[in-house]
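A.B. asks:
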Amino acid sequence: MTSIALSRLLAVAAIVGALAPAASGQSRSLADQHRDSMLASQHMVMAGRDIETVSPEMRDSVRSLIQMFYDDQFRHSQDPEVPYFMFLSKDASLAGGIGGCVRMRGYFDWDGAQPTSAFAPYLIPIDRDPAKMRHFGTSPAGTTLFVSVIGRNPSFGNCQIYIEANFNGYNTRDFHLKKAYATVNDFTVGYASSSFSDPAAVPPMIDAQGPNNKISNTSVLVRWMPKVGRWVFAVSAETPETHITAVDGQSEPIEEWLPDGAGFVQYEWGPTSHVRLSGIVRSLSYRDLLSGRNHYKAGWGMMLSPVAHPTRNITTYCSVNYGRGYAGMGGDLLMGNYDLVPDPERPGRLQMPASFGYCLGVQYNFTPELYASTSISQTRYLPSGQVDPEEYKYGMMGNVNLMWNPVPRLQTGVEFDYGLRHNFSGRQRWGRRVGAMVQFSF
Numbered sequence: 003m004t005s006i007a008l009s010r011l012l013a014v015a016a017i018v019g020a021l022a023p024a025a026s027g028q029s030r031s032l033a034d035q036h037r038d039s040m041l042a043s044q045h046m047v048m049a050g051r052d053i054e055t056v057s058p059e060m061r062d063s064v065r066s067l068i069q070m071f072y073d074d075q076f077r078h079s080q081d082p083e084v085p086y087f088m089f090l091s092k093d094a095s096l097a098g099g100i101g102g103c104v105r106m107r108g109y110f111d112w113d114g115a116q117p118t119s120a121f122a123p124y125l126i127p128i129d130r131d132p133a134k135m136r137h138f139g140t141s142p143a144g145t146t147l148f149v150s151v152i153g154r155n156p157s158f159g160n161c162q163i164y165i166e167a168n169f170n171g172y173n174t175r176d177f178h179l180k181k182a183y184a185t186v187n188d189f190t191v192g193y194a195s196s197s198f199s200d201p202a203a204v205p206p207m208i209d210a211q212g213p214n215n216k217i218s219n220t221s222v223l224v225r226w227m228p229k230v231g232r233w234v235f236a237v238s239a240e241t242p243e244t245h246i247t248a249v250d251g252q253s254e255p256i257e258e259w260l261p262d263g264a265g266f267v268q269y270e271w272g273p274t275s276h277v278r279l280s281g282i283v284r285s286l287s288y289r290d291l292l293s294g295r296n297h298y299k300a301g302w303g304m305m306l307s308p309v310a311h312p313t314r315n316i317t318t319y320c321s322v323n324y325g326r327g328y329a330g331m332g333g334d335l336l337m338g339n340y341d342l343v344p345d346p347e348r349p350g351r352l353q354m355p356a357s358f359g360y361c362l363g364v365q366y367n368f369t370p371e372l373y374a375s376t377s378i379s380q381t382r383y384l385p386s387g388q389v390d391p392e393e394y395k396y397g398m399m400g401n402v403n404l405m406w407n408p409v410p411r412l413q414t415g416v417e418f419d420y421g422l423r424h425n426f427s428g429r430q431r432w433g434r435r436v437g438a439m440v441q442f443s444f
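Dropping the structure here:
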């Protein structure tokens, strides 16, 4: 990727973010109105009394308490809604509930089928196989159960405990932990989304994989995230998970002994509108078996991600990311081990390749309950030196979808996905998929 192309994409991201504050004085966006309808569909059960008998002041306190569920800097459109029933303490200082969603997807590939239920350009087969030209599949992946406890304490302030598990494991049916963390005021401890991510800036999609530059890492972390006016800052220490390609007899990974350091700076002008600059620094370690020496490299990545509502009907999404040794954080390159790869000119040594990605998306709400969206994304693998001609060079992905909520907690949608895998040899192939989804949240 040339510096000119990179500067143009950064300019696009900056323009998207710069235009949005001008709309902050307009009426609430239809996308935010849809979120309000989710809150309105929720019911409180109060210990020892009828919620309708409490004072207006306490009702306002209850609303602000439940609003905390959506005041999440790492919330994506595919995340489950607030529980339909939540139980409230007598003094309205603590609320808890069990929620989830039942999500079913169906999909059809033609002119070349991918081997998974997730659509990823990296997995598009270059060679045509007559036995695998078409494929129809279904998946309950994304079906979720979670427990949420939200409260206010005179000594500690706002607090939240959240545990989520879903059916995304083996054969998309095994139940496994997705998140488990506790937040007390500005501090979060547990298994949560990395500070080097911005799920809110990812366009809505039916396919679980999402844009092919999506950063989606989850790890055990300790995060401090204060808010000052319209500014939000975050810094975290995160458990590393590296993806290294070693050569038998020449090199091998060694145990990591330093946490990843991640953080972001964000300016926001609404509950779902912001511009964020994120960064991460990683320790990548390996042993050169030929020389008998350990080597330590510092990987890094940066991402610019604005999301905005220029008009009541339109939501714009954008993300641009670049770095070295961060490929294992998500996106197309997560399918391989690209944090460290063999150096073709120095046997036993590994290099830290660069990669670049972007995504541009737009959503149009016809009503709060009905919207269409489209996006295009790309990821480029940028190693130094020679590589295998059949190695992945870049991938592109686009999609168009239509989503409808006939009632607040029922969502249906259809989507067309298309992708391209291009190798260093110049060989390439397109993939195509039509998908549909039905989801019920409770």
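Numbering (my numbering), first residue to last: 3 to 444.
Using N, Cα and C, we set each Cβ at its ideal position, and we do this for glycine too.
#1: Leaving out five residues on either side along the sequence, give the residues of the same chain with a beta carbon under 7 Å from the beta carbon of P346.
#2: What residues in its chain sit with their C-beta under 6 Å from that of D419, if we drop five residues either side in the sequence?
#3: Around the Cβ of N296, are there at least 16 other Cβ atoms within 10 angstroms (buried) or fewer (exposed)?
#4: How far does the beta strand (DSSP E) with R105 in it extend, from its first residue to its last?
#5: CA-CA distance, M354 and S195?
#6: How close, in whole Å, do the beta carbons of P123 and M331 come, if the pair is a contact with beta carbons under 8 Å?
#7: Could you check the C-alpha separation between D111 and P117 for me, to the nearest Å?
#8: For M135, does the count of other Cβ atoms within 10 angstroms reach 16, so buried, or fall short, so exposed?
#9: Is the CB-CB distance between P206 and S79 below 8 Å?
#10: Taking the beta strand (DSSP E) that H78 belongs to, which residues open and close that run?
#11: Alpha carbon to alpha carbon, what distance is there between F368 and P242?
#12: Between S379 and Y360, is the Cβ-Cβ spacing less than 8 Å?
#13: In chain order, what are the residue ranges of uninterrupted beta strand (DSSP E) at least 3 long that sit wholly in the stretch 245-271?
#14: Go through its chain and collect everything with a Cβ distance to L32's Cβ below 7 Å, but skip five positions before and after it.
#15: Residues in its own chain within less than 7 Å of G99 by CB, not counting five upstream and five downstream?
#16: Less than 8 Å between the beta carbons of F71 and S199, yes or no?
#17: Should the stretch 285-304 be regarded as contacting the stretch 319-333, the criterion being three or more beta carbon pairs within less than 8 Å?
#18: May I ask which residues mark the beginning and end of the alpha helix (DSSP H) holding L32?
#19: Run the CB neighbour count on V440, radius 10 Å, all protein chains shown included, and call it buried at 16 or more, exposed below.
#20: Skipping 5 residues on each side, what residues in its chain have a beta carbon closer than 6 Å to that of V289?
#21: Who does R431 pair with in a DSSP beta bridge?
#22: Can you name the start and end residues of the beta strand (DSSP E) that D290 belongs to?
#23: Are the beta-carbon atoms belonging to D262 and I246 less than 8 Å from one another?
#24: Looking at the unbroken beta strand (DSSP E) that takes in T313, where does it start and where does it end?
#25: Measuring CB to CB, does E417 end up less than 8 Å from N403?
#26: List the endpoints of the continuous beta strand (DSSP E) containing E166.
#27: Considering only the alpha carbon of each residue, which of V277, E270, W259 lies closest to S285?
#28: Do you know how far the Cα of P132 is from the Cα of Q211?
#29: Please tell me whether, using a cut-off of 7 Å, the distance from the CB of L384 to the nearest non-hydrogen atom of the ligand ZN is below it.
#30: Assuming S307 contacts A203 under a Cβ cut-off of 8 Å, what Cβ separation, rounded to an integer in Å, is found between them?
#31: By the three-class DSSP mapping on this structure, what secondary structure does I68 have?
#32: Alpha carbon to alpha carbon, how far is A329 from G114? Give it in angstroms, no decimals.
#33: Measure the CB-CB distance between L125 and A97 and report whether it falls below 8 Å.
#34: Tell me whether Y366 sits in a helix, a strand or coil according to DSSP, three-state version.
#35: In angstroms with no decimal places, state the Cα-to-Cα distance between H36 and A374.
#36: What is the rounded straight-line gap between the Cα of F138 and the Cα of G108?
C.D. replies: To lay it out plainly:
#1: By one-based count along the sequence shown, residue 346 stands at place 344. Within its own chain, the residues whose Cβ lies closer than 7 Å to the Cβ of P346, once the five positions on either side in sequence are excluded, are G387, Q388, listed in chain order.
#2: In the sequence shown, residue 419 corresponds to position 417, counting from 1. Excluding sequence neighbours, D419 sits near F121, D209, N401, R435.
#3: Numbered from its first residue, the sequence shown carries residue 296 at position 294. With fewer than 16 Cβ atoms within 10 Å of its Cβ, N296 is classed as exposed.
#4: Residue numbering aside, residue 105 sits at position 103 when the sequence shown is read from its first letter. Unbroken beta strand (DSSP E) run through R105: 96-112.
#5: Here residue 354 refers to the residue found at position 352 of the sequence shown. Here residue 195 refers to the residue found at position 193 of the sequence shown. For M354 and S195, the distance between alpha carbons rounds to 24 Å.
#6: Counted from its first residue, the sequence shown places residue 123 at position 121. Counted from its first residue, the sequence shown places residue 331 at position 329. About 17 Å separates the two Cβ atoms, so there is no contact after all.
#7: In the sequence shown, counting from the first residue as 1, residue 111 sits at position 109. In the sequence shown, counting from the first residue as 1, residue 117 sits at position 115. So the two alpha carbons sit approximately 10 Å from each other.
#8: Looking up residue 135 in the sequence shown gives position 133. Burial check for M135: the Cβ neighbour count within 10 Å stays below 16, so the residue is exposed.
#9: Looking up residue 206 in the sequence shown gives position 204. Looking up residue 79 in the sequence shown gives position 77. If you check the CB distance, P206 and S79 come in under 8 Å.
#10: The residue labelled residue 78 in the question sits at position 76 within the sequence shown. No residue range can be given for H78, since it is assigned to no beta strand (DSSP E) and is classified by DSSP as neither H nor E.
#11: For this step, residue 242 is matched to residue 240 along the sequence shown. For this step, residue 368 is matched to residue 366 along the sequence shown. If you take the alpha carbons of P242 and F368, they lie about 43 Å apart.
#12: By one-based count along the sequence shown, residue 379 stands at place 377. By one-based count along the sequence shown, residue 360 stands at place 358. Yes, these two residues count as a Cβ contact at 8 Å.
#13: 253-255, all fully within the stretch 245-271.
#14: Within the sequence shown, numbered from 1, the residue matching residue 32 stands at position 30. Once the five neighbours on either side are set aside, the close Cβ partners of L32 are R314, N315, N367, T369, P370.
#15: Reading the sequence shown from its first residue, position 97 is the one you call residue 99. These residues qualify, in order along the chain: P85, F87, M88, F89, S150.
#16: In the sequence shown, counting from the first residue as 1, residue 71 sits at position 69. In the sequence shown, counting from the first residue as 1, residue 199 sits at position 197. Between F71 and S199, the C-beta spacing is not below 8 Å.
#17: Between the stretch 285-304 and the stretch 319-333, the count of Cβ pairs shorter than 8 Å is three or higher; the stretches touch.
#18: For the purposes of this step, residue 32 is taken as residue 30 along the sequence shown, with counting starting at 1. From DSSP, the alpha helix (DSSP H) with L32 extends over 32-42.
#19: One-based indexing of the sequence shown puts residue 440 at position 438. Classification for V440: exposed.
#20: Position 287 of the sequence shown, counted from the start, is the residue given in the question as residue 289. As written in the sequence, residue 289 is Arg, which differs from the Val given in the question. Excluding its 5 nearest sequence neighbours in each direction, R289 has C-beta neighbours in its own chain below 6 Å: E254, I256, N296, listed in chain order.
#21: Looking up residue 431 in the sequence shown gives position 429. Beta bridge pairing from DSSP links R431 with R423.
#22: Locating residue 290 in the sequence shown gives position 288, where the first residue counts as 1. D290 -> beta strand (DSSP E) spans 275-290.
#23: Position 260 of the sequence shown, counted from the start, is the residue given in the question as residue 262. Position 244 of the sequence shown, counted from the start, is the residue given in the question as residue 246. Going by C-beta atoms, D262 is not nearer than 8 Å to I246.
#24: Counting from 1 along the sequence shown, the entry for residue 313 is found at position 311. Element bounds for T313: n/a, residue is neither H nor E.
#25: Here residue 417 refers to the residue found at position 415 of the sequence shown. Here residue 403 refers to the residue found at position 401 of the sequence shown. In this structure, N403 lies closer than 8 Å to E417 by Cβ.
#26: Mapped onto the sequence shown, residue 166 falls at position 164. Annotation: the continuous beta strand (DSSP E) that includes E166 extends over 159-169.
#27: As a position in the sequence shown, residue 285 is number 283, starting the count at 1. S285 has its Cα closest to that of W259, out of V277, E270, W259.
#28: Your numbering for residue 211 matches position 209 in the sequence shown. Your numbering for residue 132 matches position 130 in the sequence shown. So the alpha carbons of these two residues sit roughly 26 Å apart.
#29: What this structure holds is no ligand at all, so the ligand ZN is not there to describe.
#30: As a working mapping, residue 307 is identified with position 305 in the sequence shown. As a working mapping, residue 203 is identified with position 201 in the sequence shown. Yes, S307 and A203 are in contact; Cβ-Cβ is about 4 Å, under 8 Å.
#31: In the sequence shown, counting from the first residue as 1, residue 68 sits at position 66. Residue state, collapsed to three classes: helix.
#32: By 1-based counting over the sequence shown, the position of residue 114 is 112. By 1-based counting over the sequence shown, the position of residue 329 is 327. About 26 Å.
#33: Sequence index remark: in the sequence shown, residue 125 carries index 123 (1-based). Sequence index remark: in the sequence shown, residue 97 carries index 95 (1-based). In this structure, L125 keeps its C-beta atom at 8 Å or more from the C-beta atom of A97.
#34: Counted from its first residue, the sequence shown places residue 366 at position 364. Looking at Y366 - three-state DSSP - the assignment turns out to be strand.
#35: Walking along the sequence shown from the start, residue 36 turns up at place 34. Walking along the sequence shown from the start, residue 374 turns up at place 372. Each residue's alpha carbon lies about 14 Å from the other.
#36: Position 136 of the sequence shown holds residue 138. Position 106 of the sequence shown holds residue 108. Between F138 and G108, the C-alpha separation is close to 8 Å.
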